[in-house]
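A.B. asks:
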Amino acid sequence: MKKITISGNKIGCLNNPKIGIKEVSIIHIVNEFRPQGPAENSIIRVIVETNGFKQASYIPWVGYFDLDRESFKFPKRWKIIEPSKKVSYQNLNWEPFIKSPQPLP
Amino acid sequence: MTTNKNKKVTWQDQPQFIVKPRLPQYAGIFNLPGETCIASHIPHERITEHLHDHLYHMHIRYGFEFPRQTLSGIESLSLHVVMMVKVEHRVDCNPIFVGRGKGSEGICLKISGQDVHWTPDEAVAKIAENRYNAIGKKVPAGYYFAGFSTSDTTERKVYKYNREDLVRAIGNGLVADQHFQATWKEPIKKEIEPYDVIIYLGDSVTEYHTFFRLPVVVPIGAY
Numbered sequence: 019m020k021k022i023t024i025s026g027n028k029i030g031c032l033n034n035p036k037i038g039i040k041e042v043s044i045i046h047i048v049n050e051f052r053p054q055g056p057a058e059n060s061i062i063r064v065i066v067e068t069n070g071f072k073q074a075s076y077i078p079w080v081g082y083f084d085l086d087r088e089s090f091k092f093p094k095r096w097k098i099i100e101p102s103k104k105v106s107y108q109n110l111n112w113e114p115f116i117k118s119p120q121p122l123p
Numbered sequence: 078m079t080t081n082k083n084k085k086v087t088w089q090d091q092p093q094f095i096v097k098p099r100l101p102q103y104a105g106i107f108n109l110p111g112e113t114c115i116a117s118h119i120p121h122e123r124i125t126e127h128l129h130d131h132l133y134h135m136h137i138r139y140g141f142e143f144p145r146q147t148l149s150g151i152e153s154l155s156l157h158v159v160m161m162v163k164v165e166h167r168v169d170c171n172p173i174f175v176g177r178g179k180g181s182e183g184i185c186l187k188i189s190g191q192d193v194h195w196t197p198d199e200a201v202a203k204i205a206e207n208r209y210n211a212i213g214k215k216v217p218a219g220y221y222f223a224g225f226s227t228s229d230t231t232e233r234k235v236y237k238y239n240r241e242d243l244v245r246a247i248g249n250g251l252v253a254d255q256h257f258q259a260t261w262k263e264p265i266k267k268e269i270e271p272y273d274v275i276i277y278l279g280d281s282v283t284e285y286h287t288f289f290r291l292p293v294v295v296p297i298g299a300y
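For the protein sequence lines, the chains are U and W, in the order given. Those letters in the first sequence? Residues 19 to 123, by this note's numbering. Those letters in the second sequence? Residues 78 to 300, by this note's numbering.
1) For chain W, check one thing: does any of its Cβ atoms lie closer than 8 Å to the Cβ of U:Ser60?
2) Here's the rule: buried if 16 or more other CB atoms are within 10 angstroms of the residue's CB, otherwise exposed. What is U:Lys36?
3) Of all the residues that make up the stretch 76-88 of chain U, which are near chain W by a beta-carbon distance shorter than 8 Å?
4) Any heavy atom of the ligand GTP inside 7 Å of the beta-carbon of U:Ile24?
5) Using DSSP with H/G/I as helix, E/B as strand and the rest coil, what is W:Asp229?
6) So U:Glu50 contacts chain W; which residues on that side make the cut at Cβ distance below 8 Å?
7) Which same chain residues, not among the five before or five after W:Ile119, have their C-beta less than 7 Å away from its C-beta?
8) Can you pull the chain W neighbours of U:Ile116, defined as C-beta to C-beta under 9 Å?
9) With a threshold of 7 Å on Cβ separation, who are the neighbours of W:Gly298 within its own chain once the five nearest residues in sequence on each side are excluded?
10) According to DSSP, is W:Tyr285 helix, strand or coil?
11) First and last residue of the beta strand (DSSP E) that includes U:Ser89?
12) Per DSSP, U:Glu67 is paired with what?
13) For the structure I just gave you, are there three or more beta carbon pairs, one from the stretch 75-89 of chain U and one from the stretch 96-105 of chain W, closer than 8 Å?
14) Indicate whether W:Val158 and W:Leu278 have their beta-carbon atoms separated by less than 8 Å.
15) Between which two residues does the alpha helix (DSSP H) harbouring W:Asn210 extend?
16) Pull up the distance between the alpha-carbon of W:Met78 and that of W:Pro92, whole angstroms please.
17) Which word fits W:Pro110, buried or exposed, when buried means at least 16 other C-beta atoms lie within 10 angstroms of its C-beta?
18) Grab the span of the beta strand (DSSP E) containing W:Ala116 for me, first residue to last.
19) Below 6 Å CB to CB, which residues in the same chain sit around W:Asp242 once its five sequence neighbours on both sides are set aside?
20) Can you tell which of U:Ser102, U:Phe115, U:Ile98, U:Pro78 has the C-alpha that lies nearest to the C-alpha of W:Lys262?
21) Any Cβ of chain U within less than 8 Å of the Cβ of W:Arg208?
22) Between the alpha carbons of W:Ile124 and W:Ser181, how many angstroms are there, rounded?
23) Mind checking which residues open and close the beta strand (DSSP E) that includes W:Val252?
24) By the 9 Å beta-carbon criterion, what residues does the stretch 217-249 of chain W contribute toward chain U?
25) What does DSSP give as the partner residue(s) for W:Arg138 in the beta ladder?
26) Enumerate in chain order the residues of its own chain whose CB-to-CB distance from U:Val66 is below 6 Å, with the five nearest sequence positions on each side excluded.
27) Using 8 Å as the limit for Cβ to Cβ distance, is U:Ala74 near chain W?
28) Using the three-state DSSP reduction, which class does W:Asp169 fall into: helix, strand or coil?
29) Starting from the C-beta of W:Leu291, find all residues in its chain whose C-beta is less than 7 Å away, skip the five residues before and the five after it, and write them out in chain order.
30) List the endpoints of the continuous beta strand (DSSP E) containing U:Glu100.
31) By Cβ distance below 6 Å, which residues in the same chain neighbour U:Pro56 in space, the five residues on each side in sequence not counted?
32) What are the boundary residues of the alpha helix (DSSP H) that includes W:Tyr244?
33) Among W:Ile173, W:Gln146, W:Thr196, W:Val295, which residue has its Cα nearest to the Cα of W:Arg167?
34) Considering only C-alpha positions, which residue in the set W:Lys214, W:Glu126, W:Asp198 is nearest to W:Gly178?
35) Could you check if U:Gln108 is buried or exposed, using at least 16 other CB atoms within 10 Å of its CB as the buried criterion?
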């Protein structure tokens with residue numbers, strides 16, 4: 019798996035992730051990081067474990083609307099960060115496509 | 078001759094907003110050739126206005142016409158579009174294109190001074206499903222109606238165009254193309270096998286609506 023450094027805008031994060039997970043964030047990638055990383059104008063999910071392991075994959079969301087919808091379906095599950103906050107991640111394991119659907123941590 | 082009191086109301090007296098499906102008009106946008114409504118693509122380079130170019134996606138494209146019309150009785154309305162897609166897919170909308178731009182890009186239609194945007198709208202999907210059922214058709218297992226209304230530029234709120242803005246955009250008739258992309262709800266590394274897509278077009282005010290099918294391969298004489 020490739021380890022990369024990326025930056026983008028954090029638009030939301032999961033409240034109270036499961037034990038062993040420090041952070042689950044939704045990041046809007048503004049700049050192009052292909053071929054090593056995510057595409058310009060994509061949205062990815064970054065999962066940071068308490069042991070420091072960081073992994074990211076694409077999600078098909080297009081913006082705040084998806085967070086609105088998830089928050090409506092699952093109240094208090096998400097924290098919407100608006101305006102977005104610039105963030106960067108180093109040593110991130112980039113797996114653009116997941117092998118099979120997985121529940122959120 | 079009848080008095081106003083006894084005047085029979087006909088469908089022409091009701092508010093009307095007419096939209097007619099057509100074949101796509103502008104070949105080359107998003108690398109789609111002419112007369113192609115459905116096409117599956119693997120991830121590719123960035124194209125302006127192309128959502129999901131980085132994911133495995135299936136293009137859904139049709140042409141449409143707003144013929145010259147009076148828009149009598151309409152103060153404002155939002156446009157509706159609904160697509161029948163597979164349950165494991167989601168659909169996202171691009172702007173409406175009125176011409177081909179640079180390379181594989183399109184030139185966006187502006188109404189009310191802004192590009193036309195869409196927001197998902199489950200109530201609109203339900204309207205379409207009820208009307209689909211009313212003509213004796215059922216959504217087959219494994220599919221659902223994904224509905225959209227025109228929105229503000231944030232794509233978080235429904236936006237209604239007023240009559241003057243619509244008249245200004247339509248003039249003596251407006252012909253344009255609409256593009257969408259279906260993607261996996263959970264992005265996986267797998268091409269989407271193309272399939273026919275049923276489209277519903279309507280609006281928030283009138284009873285007028287239309288259903289049509291986008292075939293993977295368009296037969297001669299379609300539309």
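Heads up, the beta-carbon is just placed ideally off N, CA and C, and yes, glycines get one too.
C.D. replies: For this structure:
1) True, the Cβ-Cβ gap to chain W drops below 8 Å.
2) By the neighbour-count criterion, in which a residue is buried when 16 or more other Cβ atoms sit within 10 angstroms of its Cβ, U:Lys36 is exposed.
3) Per Cβ criterion, the list reads Tyr76, Ile77, Pro78, Val80, Gly81, Tyr82, Phe83, Asp86, Arg87.
4) What this structure holds is no ligand at all, so the ligand GTP is not there to describe.
5) Per DSSP, reduced to three states, the secondary structure at W:Asp229 is coil, with no helix or strand assignment.
6) Contact annotation for U:Glu50 against chain W: Arg123 [CB-CB distance below 8 Å, chain order].
7) Correct list, in chain order: Tyr133, Glu268.
8) The contacting residues are Glu263, Pro264, Ile265, Lys266.
9) So the list is empty, once near-sequence residues are dropped.
10) Correct three-state label for W:Tyr285: coil.
11) No beta strand (DSSP E) holds U:Ser89; the alpha helix (DSSP H) holding it covers 82-91.
12) Answer is U:Ile39, bridged to U:Glu67.
13) Two segments are said to touch when three or more pairs of C-beta atoms, one from each, lie closer than 8 Å; by this definition the stretch 75-89 of chain U does not touch the stretch 96-105 of chain W.
14) It is a contact, given that the beta carbons lie within the stated cut-off.
15) Counting along the chain, the unbroken alpha helix (DSSP H) around W:Asn210 starts and ends at 199-211.
16) With a pLDDT of 44 at W:Met78, under the threshold of 50, the modelled position of this residue cannot be trusted; read the value that follows with caution. Straight-line measurement puts the Cα of W:Pro92 at about 24 Å from the Cα of W:Met78.
17) Around the beta carbon of W:Pro110, fewer than 16 other beta carbons lie within 10 angstroms, which makes this residue exposed.
18) Boundaries of the beta strand (DSSP E) harbouring W:Ala116: 115-118, taken from the DSSP string.
19) Cβ contact annotation for W:Asp242 (same chain, cutoff 6 Å, sequence separation greater than five): Ile188, Ser189, in chain order.
20) Residue U:Pro78 is the option with its Cα nearest to W:Lys262.
21) No, W:Arg208 lies away from the interface with chain U (no Cβ there is under 8 Å from its Cβ).
22) The alpha-carbon atoms of W:Ile124 and W:Ser181 are separated by roughly 7 Å.
23) Per DSSP, W:Val252 belongs to the beta strand (DSSP E) from 250-261.
24) So the close ones are Ser228, Thr231, Glu232, Arg233.
25) W:Arg138 has W:His256 as its beta-bridge partners, per DSSP.
26) The beta carbon of U:Val66 is closer than 6 Å to those of Lys40, Glu41, Lys72 in its chain, skipping five residues each way along the sequence.
27) Chain W contact via Cβ: absent.
28) In this structure, W:Asp169 counts as strand in the three-state DSSP scheme.
29) For W:Leu291, where only same-chain residues beyond five positions count, the Cβ hits under 7 Å are Cys114, Ile115, Ile137, Tyr139, Asp273, Val274, Ile276.
30) In the DSSP annotation of this structure, the continuous segment of the beta strand (DSSP E) that includes U:Glu100 starts and ends at 96-112.
31) So the list reads Ile47, Ile62, once near-sequence residues are dropped.
32) Contrary to the premise, residue 244 of chain W reads as Val rather than Tyr in this sequence. Segment 240-247, the alpha helix (DSSP H) holding W:Val244.
33) Here the closest residue by C-alpha is W:Thr196.
34) Per the Cα distances, W:Glu126.
35) By the C-beta density criterion, U:Gln108 is exposed, having fewer than 16 other C-beta atoms within 10 angstroms.
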